[in-house]
Amino acid sequence: MGKHERGWVEATEKLTARLANGEEPDEDLEERGRPDLAEALAERIEADFPDRTAVRHAGNSYDSLGDLIVESNGGETFLEAKFVASGGTRANLGQDTLTEFGLFRDATAWSDFREEIGFPEDRQALLQRFDDYPDDVRDWSYKSAVYDRAKHLKNVLDVSRGQNTGSRADEVLADPESTEAEREAARIVNEILELDRDEKLAYFDHLRAAEQDPRAVETFAHLIVCGYHTADALREHFDADLNEIKRLLETDSYRLYEVNRNSGTVSVENPSELLAGFEWQDTRVEIPEDGTSVSVVTGPPGNRRRVLNIAYNWKNKFQGIQTPSMNVFVPEA
């Protein structure tokens with residue numbers, strides 16, 4: 057989260073605590089934060105914790121989970137407040153997250169692995185096969201050359217908004233009225249998609265041979281389920297005591313509150329319910345023989361359960377082209 061965004065979020069959190077305590081709003085916090093979101097969140101907290109004795113802001117320290125702490129006669133409940141533009145609590149993380157946070161010991165990062173096997177050069181060679189690029193994207197010397205060429209191929213294929221590029225390429229190849237330029241663009245796209253898939257499978261072979269750190273895998277899984285969905289948030293909490301995180305979940309002392317910035321609606325997720333019944337034994341990243349996703353699994357033989365699904369993905373243009381990332385999903389959510 058950027059410094060500017062962190063500023064208004066923190067002001068909104070502090071304002072929420074004041075409102076939930078029945079105190080007068082602070083003009084400075086109202087000016088720096090979002091009073092409408094603070095009011096919505098405070099109302100939800102009041103409804104969910106009618107026996108509260110106080111609500112306090114956790115401050116700038118990242119020593120414990122939660123932005124807000126609700127005090128009651130029964131103890132403390134930690135609340136993580138997330139202000140989102142749309143619904144959902146799925147994580148979109150950087151491409152090298154699993155190696156960066158030590159889930160795999162001594163494994164090569166995905167970005168480095170692609171360089172080592174020559175993926176960028178192979179991709180460029182495929183893109184160079186197309187002869188009908190406009191003059192303004194024929195120069196390979198500038199940084200966005202690959203992206204511009206891939207975008208042009210999508211334009212040639214007339215890929216509609218939201219349509220899968222590979223599916224559209226198949227349609228073009230099956231259409232007898234397609235031009236030769238369209239067919240060549242479709243063949244190149246399909247070959248890049250195949251190149252990307254082969255590269256991912258090769259990388260999974262590399263990860264499969266690497267040693268894993270079960271505690272790092274377990275910590276990662278808990279933090280994701282608890283709503284820490286950015287590299288900065290993971291970094292701030294990754295060294296926290298895993299046993300304390302588990303204690304908060306097992307005693308129902310942690311909640312995730314998600315506030316929609318556009319509608320002001322508030323939804324609540326209880327991570328302890330998502331993890332109910334999990335037996336944390338032999339926690340590891342499970343890598344399939346075929347496919348471009350991995351899973352975090354845990355539990356004894358006969359009761360293995362998936363905690364997370366993790367897809368290796370490219371966010372822009374089409375697979376193999378721009379913005380490699382990891383999409384993380386909670387199966388039970």
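Residues 57 to 389 (the working numbering) make up the sequence shown, in order.
For glycine and all other residues, C-beta sits at the position ideal for the given N, C-alpha and C.
Since residue i and residue j are thought to touch, with beta carbons under 8 Å apart, how far apart are those beta carbons, to the nearest angstrom?
{"i": "E314", "j": "K138", "result": "5 Å"}
{"i": "A242", "j": "A225", "result": "4 Å"}
{"i": "L249", "j": "G218", "result": "The Cβ separation is near 17 Å, so there is no contact."}
{"i": "A287", "j": "T153", "result": "7 Å"}
{"i": "W166", "j": "P380", "result": "7 Å"}
{"i": "A422", "j": "L124", "result": "This structure cannot settle anything about residue 422, because the visible part of the chain is limited to 57 through 389."}
{"i": "R340", "j": "P232", "result": "Actually they are not in contact, since the Cβ atoms of R340 and P232 sit about 50 Å apart, beyond 8 Å."}
{"i": "F160", "j": "A266", "result": "4 Å"}
Would you mind sorting residue i into buried or exposed? The rule is 16 or more other CB atoms within 10 Å of its CB.
{"i": "V273", "result": "buried"}
{"i": "T145", "result": "Since pLDDT at T145 reaches only 46, below the 50 mark, its modelled position is unreliable, and no value is offered."}
{"i": "G376", "result": "buried"}
{"i": "P357", "result": "exposed"}
{"i": "K256", "result": "buried"}
{"i": "Y259", "result": "buried"}
{"i": "T235", "result": "exposed"}
{"i": "D252", "result": "buried"}
{"i": "V324", "result": "exposed"}
{"i": "F374", "result": "buried"}
{"i": "T29", "result": "In the structure as shown, the chain begins at 57 and stops at 389. Residue 29 is therefore absent and cannot be evaluated."}
{"i": "Q268", "result": "buried"}
{"i": "E335", "result": "exposed"}
{"i": "E69", "result": "buried"}
{"i": "A230", "result": "exposed"}
{"i": "D204", "result": "buried"}
{"i": "K199", "result": "exposed"}
{"i": "R170", "result": "buried"}
{"i": "K210", "result": "buried"}
Cutting at 7 Å between CB atoms, please list the residues of its own chain near residue i, excluding the five before and the five after it.
{"i": "E238", "result": "V212, L213, V228"}
{"i": "G122", "result": "A114, F134, L135, E136, Y310"}
{"i": "W64", "result": "R88, G89, R90"}
{"i": "L71", "result": "P81, D82, L85, E86, G89, P91, A94"}
{"i": "G283", "result": "E136, K138, T145, L312"}
{"i": "L331", "result": "V281, L305"}
{"i": "E102", "result": "A76"}
{"i": "R108", "result": "V126, E127, S128"}
Please list, in chain order, all residues of the same chain as residue i whose beta carbon is under 8 Å from its beta carbon, the five residues on each side excluded.
{"i": "E306", "result": "S328"}
{"i": "Q337", "result": "T354, G355, P356"}
{"i": "R185", "result": "E240, I244"}
Please state whether DSSP places residue i in a helix, a strand or coil.
{"i": "G122", "result": "coil"}
{"i": "G333", "result": "coil"}
{"i": "F175", "result": "helix"}
{"i": "D276", "result": "Residue identity differs from the one stated: residue 276 is Phe in this sequence, not Asp. The answer is helix: DSSP assigns F276 an H, G or I state."}
{"i": "E325", "result": "strand"}
{"i": "R243", "result": "helix"}
{"i": "G150", "result": "strand"}
{"i": "Y259", "result": "helix"}
{"i": "S167", "result": "helix"}
{"i": "N220", "result": "coil"}
{"i": "T145", "result": "Residue placement at T145 is flagged as unreliable, the pLDDT there being 46, under the threshold of 50; the coordinate-derived value follows with that caveat. The answer is coil: DSSP assigns T145 none of H, G, I, E or B."}
{"i": "H208", "result": "helix"}
{"i": "L159", "result": "coil"}
{"i": "T72", "result": "helix"}
{"i": "I101", "result": "helix"}
{"i": "E227", "result": "helix"}
Name, in chain order, the residues that DSSP records as bridge partners for residue i.
{"i": "T133", "result": "V126"}
{"i": "T354", "result": "R361"}
{"i": "Q378", "result": "N372"}
{"i": "Q184", "result": "Q184 is not bridged to any residue."}
Distance cutoff 8 Å, beta carbons only. Does residue i sit that close to anything in chain D?
{"i": "T133", "result": "In summary, chain D is missing from the structure at hand, where a single protein chain is found."}
Could you name the residues of the same chain whose beta carbon sits closer than 6 Å to that of residue i, not counting the 5 residues immediately before and after it, in chain order?
{"i": "S351", "result": "E342, R362, N365"}
{"i": "D188", "result": "A237"}
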